[in-house]
Amino acid sequence: MKPLVIWGCGGHAREVLHLCEQMGARVIGFLDERTEYKGKVMDGLPVFGDLPDILHLKDQVRIVCAGVGDPFLKKHFVDKTTRLGFQPANSLIHPSVYLSKRNTIGKGTIICEGTILTTNVQVGNFVILNRGVILSHDDIIQDYATVAPGASIAGNVMVGEGATIGIGSSIREKVSIGAWSMIGGGSFVKENVPPHTLYAGVPAVYKRKWP
Ligand SMILES: CC(C)(COP(=O)(O)OP(=O)(O)OC[C@H]1O[C@@H](n2cnc3c(N)ncnc32)[C@H](O)[C@@H]1OP(=O)(O)O)[C@@H](O)C(=O)NCCC(=O)NCCS
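For the sequence shown, this note's numbering assigns the number -19 to the initial residue and increments by one for each residue that follows.
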């Protein structure tokens, strides 16, 4: 397996490093577009700078694009990575996560410790399922979605492309979360959420357009 470089150097990126260590995958550094981070050391590894700063490593490394929780930024990093001819890293799945033959996981996705997927769950590309997420039967999580720690999603739920499910929130069965929407932390969602909207609260209600 080629060594990995992780997009971002914030809290989530460093947690992805932690996941890689748990999996025995080798990480050699971080990437960050913010020039003030170039040359810093985070959790013992260098921040190389922006992707063009490591063009000489193009064929020697794989890039972890889901090193940031924000789906918009994640998609930006995926597009930039492929545009510059780098290969995104394979999905990173903590060894505690049991995947049956009835689950499908796309590429570049991250599944952290303690997450549970039951039967017939489909997870797309560059998704983040953070620690302790519960996904139930027949759920579909589309590309670039981010599910924060401790969220519980009942059966037959569809989480649209680029949607974010906030920390500790719960989604009722058969609900659809629109693309690029945001569910506030600690919410209970009991009705369909349109695309590009913020819903929050118990029960979750429309707050405003998102972002
Ligand atoms: C949803 C969130 C991003 C909104 O942040 P924001 O842009 O600062 O929100 P705003 O201040 O514009 O809030 C808009 C409205 O939603 C409400 N709201 C925001 N988050 C809420 C929440 N989690 N629960 C209930 N209401 C919430 C605000 O009170 C406000 O309500 P009002 O218009 O009736 O007064 C943020 O509150 C949140 O919940 N983030 C989740 C963080 C998370 O999951 N982190 C995990 C990291 S691993």
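C-beta: ideal position from N, C-alpha, C; glycine also.
Got a sec: is the Cβ-Cβ distance from S161 to anything in chain C below 7 Å? Here there is only one protein chain, and chain C is not present.
Output needed for K187: all residues of its chain with C-beta closer than 7 Å, excluding positions within five of it in sequence on either side, in chain order.
Cβ within range, chain order: L178, Y179 and A180.
Worksheet entry | Cβ-heavy atom distance, I114 to ligand 1, below 6 Å | Checking the Cβ of I114 against ligand 1 gives no.
Q.
Buried or exposed for P62, going by 16 or more other Cβ atoms inside 10 Å?
A. The residue asked about is misnamed: residue 62 is Thr in this sequence, not Pro. Flag for T62 reads exposed.
What residue range does the beta strand (DSSP E) around R188 cover? Its beta strand (DSSP E) spans residues V185 to K189.
Is the beta carbon of G9 less than 7 Å from the beta carbon of V44?
Cβ atoms of G9 and V44: not closer than 7 Å.
*asked:* Nearer than 6 Å: is that true of the beta carbon of I147 relative to any heavy atom of ligand 1?
replied: Yes, since a heavy atom of ligand 1 falls inside the 6 Å radius drawn around the Cβ of I147.
- Query: Would you report the Cα separation of V173 and A159, rounded to the nearest angstrom?
  - Reply: Each residue's alpha carbon lies about 9 Å from the other.
Practice item. Look at the alpha carbon of G88 and the alpha carbon of A184, and state the distance between them as a whole number of angstroms. Key: Computed Cα separation, rounded: 30 Å.
* **Start and end residues, beta strand (DSSP E) containing A180** => Its beta strand (DSSP E) spans residues T177 to A180.
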